[in-house]
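For reference, the structure is listed below as structure tokens.
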Amino acid sequence: MRYPLYLVSFLLCLVLSTACAGRRAGNDVIVAGSTSIQPFADKWAEIFIKTRPDLGVSVQGGGSSAGIQACKSGACQIGMSSRELKAEEKDLHEIVVARDGLAIIVHPSNPVRAATLSEIKQIFAGDLANWKFLGGPDKAITVVTREEGSGTRGAFQELVMGKTRIFRGAITEDSNGTVREIVANDPHSVGFISLGLVNGQVRALSLDGVEGNEANIRNGRYRLVRPFLFLTRGEPTAAARAFIDFVLSDEGQSLVKNEGLIPVK
Amino acid sequence: MSLDPRTSQRVARTVLWGMTILTVAVLLFIIFFILRKGLPALSLEFLTKNPVDMGKEGGIFSTIIGTLVLTALAILIATPLGVGTAIYLTEYTWENAVTRVIRFGAECLAGIPSIIFGLFGFILFVTKLGFGWSILSGGLTLAFMILPTIIRTSEEAIKSVPAAYRQVSFSLGGTKWQTVTRVVLPAALPGIVTGIILSIGRSIGETAAVIFTAGSALRIPTSLFSSSRTMSVHFYILAREGISMPRAYGTAAVLVIAILIVNIATYTLMNKFIKKYS
Amino acid sequence: MNRLEKKDRLIRLALLMIAFSAVSILAVITIFMFEQGTPIMFKYGLKSFLAGSDWYPSEKIFGLWPMIVGSFYVTLGALAIGVPFGLACSVVLTEFSSARLRRIIKPVIELLAGIPSVVYGFMGMVILVPFIRKTFGGPGLSVLAASIILGIMILPTIISISIDAILAIPPSYRAGSIALGATPWQTVRMVILPAARSGIIASIILGMGRAIGETMAVIMVAGNAVGVPGSLLAPVRTLTSNIALEMGYAAGEHRQALFATGVILFIIIMILNTIANVTSSGRKRKTKA
Chain A
11 MRYPLYLVSF LLCLVLSTAC AGRRAGNDVI VAGSTSIQPF ADKWAEIFIK TRPDLGVSVQ
71 GGGSSAGIQA CKSGACQIGM SSRELKAEEK DLHEIVVARD GLAIIVHPSN PVRAATLSEI
131 KQIFAGDLAN WKFLGGPDKA ITVVTREEGS GTRGAFQELV MGKTRIFRGA ITEDSNGTVR
191 EIVANDPHSV GFISLGLVNG QVRALSLDGV EGNEANIRNG RYRLVRPFLF LTRGEPTAAA
251 RAFIDFVLSD EGQSLVKNEG LIPVK
Chain B
38 MSLDPRTSQR VARTVLWGMT ILTVAVLLFI IFFILRKGLP ALSLEFLTKN PVDMGKEGGI
98 FSTIIGTLVL TALAILIATP LGVGTAIYLT EYTWENAVTR VIRFGAECLA GIPSIIFGLF
158 GFILFVTKLG FGWSILSGGL TLAFMILPTI IRTSEEAIKS VPAAYRQVSF SLGGTKWQTV
218 TRVVLPAALP GIVTGIILSI GRSIGETAAV IFTAGSALRI PTSLFSSSRT MSVHFYILAR
278 EGISMPRAYG TAAVLVIAIL IVNIATYTLM NKFIKKYS
Chain C
399 MNRLEKKDRL IRLALLMIAF SAVSILAVIT IFMFEQGTPI MFKYGLKSFL AGSDWYPSEK
459 IFGLWPMIVG SFYVTLGALA IGVPFGLACS VVLTEFSSAR LRRIIKPVIE LLAGIPSVVY
519 GFMGMVILVP FIRKTFGGPG LSVLAASIIL GIMILPTIIS ISIDAILAIP PSYRAGSIAL
579 GATPWQTVRM VILPAARSGI IASIILGMGR AIGETMAVIM VAGNAVGVPG SLLAPVRTLT
639 SNIALEMGYA AGEHRQALFA TGVILFIIIM ILNTIANVTS SGRKRKTKA
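Sequence order for the protein chains is A, B and C.
Be aware that the first sequence starts at 11, since it is given in the working numbering, and climbs by one per residue.
Be aware that the second sequence starts at 38, since it is given in the working numbering, and climbs by one per residue.
Be aware that the third sequence starts at 399, since it is given in the working numbering, and climbs by one per residue.
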């Protein structure tokens, strides 16, 4: 019975020593937060670690507020936020890595293709409950929103809702992808996601007569725009700095453009 | 209205059999549906390549590693604690208030929902103790979740070792500890291993507690402090966000097959154990 | 005291400490949760916390009522499906079929207990939700969907434990009933089920505990709206989903509010567990006679 005990203790020591080794090296960059930024951060990370294999970059979701919290508590080196920081969060160091539009999406089969911002506001406030008021079929509108900590929701709240609350009966999901998936499957639904994540499964509405695309964001006509922020607590660590520099470099920014975001410059 | 006994018997029989067939059919349907849609996606490539592009392409290799490492760590932590507790409760003491408190504690632990473990693990391990999203946080949390199962099954296994075994050992001059380690534990091993295998099954399928403690990073973990994604978490994310349905089904198929293997292993071991002692 | 006895004493002490590990973990979790969660309940008043209908954490409004109702409805729905079908299965597999059939089907049902909850949720997402939406209207993500999925998930628990309870009944009960000329169904209705009552109730309570504690599957099919559901087809949020959806970013009072939610869940489940333990130990005492 003794030998298994020795074996187990030996394995434990081995495991612990690798654990400590990884920690002390400080070569890990943990990036956490906005689910809008997450897919792009993941792509950036994939390319980055090819050029810097000595560094490990791992990307988590959780939502903008989660990223801000994690950054403050030190659980991650870089926090991702897709909304502006609030007053009490301004002690974090922020770097704009891209800009992104907010798209209001519906099912591709929905005949409604345009709406005014005030109609959208009424829909999400629960005051406008049927598609027929927008020229669509006589069906109840299924409203899909994000959880409160979402940067996308924060941006939506600020840019569209103002002081009005999103109503209680709205279906709540915890990532852009899930909202897109629900709208893609429910012909009478409406939701909001990052413009860069709109694909063939959903259609973005034009708002107040303006289509959501890069040109209209650059010339300022499309007003639902928010920054993608990388946040660090104080100065970034060396490894984090390397990653951020990559993201802001020409290569990183060209990826931004290819994926449907607006580059910083 | 009251039917005569013969008619009510026939009606009851039909209704009950109908409900039973429906139930079993629904349960079996779940397994067959997942396997039918998921097996086509399974290939050596799927199992050995890492996820690419948030899982839209590539395979699930890093999640398999993540699952294995996390489960291994949880078992490594929970087994000594659980078996030790079981040994104490059966061999070293008699039924008294202390043992009742210990058992009550284990039973309560068993009933706590996994999300509460996730909350607790997130606040304590990830945040307060500073482990971050890591295998360590996830492993510790999972270990606490499977501890009651290991205690319960080990206790049952040790209790079923015949008293004669112990008596022979004592009559040959063995101490308590020698008896326990050289006679009782080896004899109870199949039962204990059953409990471990059951816990492996539970750890593989656990999502709520893992996603908040081990995180969801897609790279192969390099140390205990790396974050890692398990197959269940990966499946959850793939399915919810519609990233890749074929791969979601494939991951689900791997999970279902893993549980199948775990259950078959448990069953054969249990039967061997029962045959040995009855 | 000789060397061996001293060693044994030491080992006994070490094992005692290990044994307390389970209790101390439970104690740590419980104390932690209560310490984090109770202050906020009293700060905002227990009444407004439990009965408030608005949950807007960013405005510091914490009313759990919609989630409490949500958990209640969804669990009730799960039991409405799980109990009849579960009991039907148990009765059929013990009284109306052969032992061989039972030996095949029972392991299959226990296998299904091990399927991860996210797989059940997924099935709900791709099959049940679209079906409800097309047939009954509404978003499909609803109380109905959550109830059905949870009902299916607790079936293995109810079936497994009820079968054990029924099998534990002495054969003399059945023999006596048949000897008096009762049909099998009459025997089940008037002898077997009452005799197995405490075991069956324990199985139902355990199933209830599982339904209340389930998180992932519910998030996938329930819609998670923060209002009290107006109908079976309306979206709903449970106490568990509430914690899971907001845990990642909750800070300060919001986080404490989530712990408070945990406390309430904890208390509900402890009560259920104790009832289950008491009824099943009552059963053990009864059938020993």
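All residues carry an ideal CB built from backbone N, CA and C; glycine is no exception.
#1: A/G187 CB to nearest chain B CB: under 7 Å?
#2: Taking Cβ positions, are C/P633 and C/L539 nearer each other than 7 Å?
#3: Mind reading off the beta-carbon distance from C/G480 to C/L553? Whole number of angstroms is fine, and I expect it under 8 Å.
#4: Are the C-beta atoms of C/Y442 and some chain A residue less than 7 Å apart?
#5: Mind listing the chain A neighbours of C/Y518? Cutoff is C-beta to C-beta under 9 Å, in chain order.
#6: On a CA-only basis, which of B/F141, B/L173, B/A225 and B/V61 is nearest B/V120? Give me that one, please.
#7: For a quick check, are the C-beta atoms of B/I152 and B/A245 less than 7 Å apart?
#8: Run through chain A and tell me which residues come within less than 8 Å of C/L643, C-beta to C-beta.
#9: State the start and end residues of the unbroken beta strand (DSSP E) segment that holds A/S68.
#10: So C/A648 and C/L656 are in contact, right, with Cβ under 8 Å, and what is the actual spacing, rounded?
#11: Cβ-heavy atom distance between B/G55 and the ligand GTP below 6 Å?
#12: Comparing C-alpha positions only, which one of B/T231, B/R137, B/T212 and B/A147 sits nearest to B/A180?
#13: Report the rounded CA-to-CA distance for B/T267 versus B/W170, giving the unit in angstroms.
#14: Kindly indicate the opening and closing residues of the beta strand (DSSP E) around A/V122.
#15: Please identify, using Cβ separations under 8 Å, the residues of the region 601 to 620 of chain C that lie next to chain B, in order along the chain.
#16: May I ask which residues mark the beginning and end of the beta strand (DSSP E) holding A/M90?
#17: Assuming the contact rule is C-beta atoms closer than 8 Å, A/F240 and A/M90 should be a hit. Round their C-beta distance to whole Å, please.
#18: Short check: CB of C/A543 to CB of C/L565, under 7 Å?
#19: Tell me which same chain residues have a C-beta within less than 7 Å of the C-beta of A/G71, skipping the five on either side of it?
#20: Start and end of the alpha helix (DSSP H) containing C/S446?
#21: Given this structure, state the Cα-to-Cα distance separating C/L510 from A/F166, to the nearest angstrom.
#22: Quick check on this structure: which residue in C/A658, C/M521 and C/V506 has the alpha carbon closest to the alpha carbon of B/I67?
#23: Residues of chain A with a CB under 8 Å from the CB of C/S456: which are they?
#24: Since C/T428 contacts C/M606 with CB under 8 Å, what's their CB separation in whole angstroms?
#25: Just checking, does the region 184 to 195 of chain B make contact with the region 228 to 245 of chain B on the three C-beta pairs under 8 Å criterion?
#26: Determine the DSSP secondary structure at A/R236, reduced to helix, strand or coil.
#27: Could you compute how far the alpha carbon of A/V69 sits from the alpha carbon of C/P505?
#28: How would you call B/Q204, buried or exposed, if buried means at least 16 neighbouring beta carbons within 10 angstroms?
#29: Among the residues of its own chain, which have a CB less than 7 Å from the CB of B/I237, if the five just before and after it don't count?
#30: For B/T244 and chain C, any beta-carbon pair shorter than 7 Å?
#31: With burial defined as no fewer than 16 other Cβ atoms inside 10 Å of the residue's Cβ, what is the status of C/L411: buried or exposed?
#32: Does chain C have any CB closer than 7 Å to the CB of A/G179?
#33: Kindly list, in the order they appear in chain B, the residues whose Cβ is closer than 8 Å to that of C/P445.
#34: Out of B/G242, B/G142 and B/N308, state which residue places its alpha-carbon closest to the alpha-carbon of C/V426.
#35: What residues from the region 553 to 583 of chain C come within 9 Å of chain B, judged by C-beta to C-beta, listed N to C?
#36: Let me check understanding here. Comparing Cα to Cα, which of B/S260, B/K93 and B/T136 lies closest to B/I15?
Taking the geometry as given:
#1: Closer than 7 Å to some Cβ of chain B, the Cβ of A/G187 qualifies, so yes.
#2: Cβ atoms of C/P633 and C/L539: closer than 7 Å.
#3: Confirmed, about 5 Å.
#4: C/Y442 has a beta carbon lying at 7 Å or more from every beta carbon in chain A.
#5: The CB of C/Y518 never comes closer than 9 Å to any CB in chain A; the least such distance is about 17 Å.
#6: It is B/A225.
#7: It is a contact, given that the beta carbons lie within the stated cut-off.
#8: Those within 8 Å of C/L643 in chain A are E157, T182 and D184.
#9: For A/S68, the uninterrupted beta strand (DSSP E) run begins and ends at G66 to G72, by DSSP.
#10: 5 Å between Cβ atoms; contact.
#11: Ligands are entirely absent from the displayed structure, and the ligand GTP is therefore not among its contents.
#12: Here the closest residue by C-alpha is B/A147.
#13: So the two alpha carbons sit approximately 13 Å from each other.
#14: DSSP places A/V122 outside any beta strand (DSSP E), giving it a letter other than H or E.
#15: Correct list: G607, I610, G611, E612, T613, M614 and M618.
#16: Residues I88 to S91.
#17: That belief holds up - the Cβ atoms of A/F240 and A/M90 are roughly 6 Å apart, short of 8 Å.
#18: It is not a contact, given that the beta carbons lie outside the stated cut-off.
#19: Same-chain partners within the cutoff: T45, Q48 and S185.
#20: For C/S446, the enclosing alpha helix (DSSP H) stretches over residues L444 to A449.
#21: Cα to Cα, the separation comes out at about 42 Å.
#22: Just measuring C-alpha positions, the residue of C/A658, C/M521 and C/V506 sitting nearest B/I67 is C/M521.
#23: Simply E158.
#24: That pair is no contact at about 21 Å.
#25: A contact between stretches requires three or more CB pairs, one per stretch, nearer than 8 Å, and the region 184 to 195 of chain B meets this requirement with the region 228 to 245 of chain B.
#26: Residue state, collapsed to three classes: strand.
#27: Here the C-alpha atom of A/V69 lies approximately 41 Å from the C-alpha atom of C/P505.
#28: When all chains shown are included, B/Q204 counts as exposed.
#29: Excluding its 5 nearest sequence neighbours in each direction, B/I237 has C-beta neighbours in its own chain below 7 Å: T108, I112 and V299, listed in chain order.
#30: Interface with chain C (7 Å Cβ-Cβ cutoff): B/T244 is included.
#31: By the Cβ neighbour-count rule, C/L411 is exposed, with fewer than 16 other Cβ atoms within 10 Å of its own.
#32: At least one chain C Cβ lies under 7 Å of A/G179.
#33: Per the sequence shown, the amino acid found at residue 445 of chain C is Lys instead of Pro. Those within 8 Å of C/K445 in chain B number zero; the least Cβ separation is about 24 Å.
#34: Out of B/G242, B/G142 and B/N308, the CA that lies nearest to the CA of C/V426 is found in B/G142.
#35: Correct list: L553, P554, I557, G579, A580, T581, P582 and W583.
#36: Lying outside 38 to 315, the shown extent of chain B, residue 15 of chain B is not represented and no answer is given.
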